[in-house]
Amino acid sequence: MDYDNTNRGIISRNDRKETEKHPDFKGQINVGGVDYWLDGWTQKRKDGTGSFLSLSIKPKQAAAAPAPL
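In terms of the numbering used here, the sequence shown has 79 at position 41, counting the first letter as 1, and numbering is strictly consecutive.
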């Protein structure tokens, strides 16, 4: 039986970060059977009480462009 990776993911520190806009963390996640790239940035709270991780996901499979009319 194969390992079921549905609704699971991983994220780790981005060793290839070159600019401040590049994510601090990179990884991948599967949601409902669909694979996504996962990026994360460490952010400081405005009130100075700590920090948090801001996340962004993008589908691994680019959506097919609609056919021209």
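Every residue, glycine too, gets a C-beta built ideally from N, C-alpha and C.
Handout entry: Close-in-space but distant-in-sequence residues of the same chain around Pro97 (CB under 7 Å, 5 per side omitted)
Key = Val72 and Tyr74
Practice task
With DSSP as the reference, please indicate the residues paired to Asn52 in a beta bridge.
Solution key: The partner list for Asn52 (beta bridge, DSSP) is empty, contrary to what the question assumes.
Practice task
Give me the Cα-Cα distance between Glu56 and Lys82, rounded to the nearest whole angstrom.
Solution key: 20 Å
Practice task
Can you tell me which of the three DSSP states Lys59 falls into?
Solution key: In the three-state scheme derived from DSSP, where H, G and I count as helix and E and B as strand, Lys59 is classed as coil.
Handout entry: Cα-Cα separation between Lys64 and Ser92, rounded to whole angstroms
Key = If I take the Cα positions, the gap works out to 12 Å.
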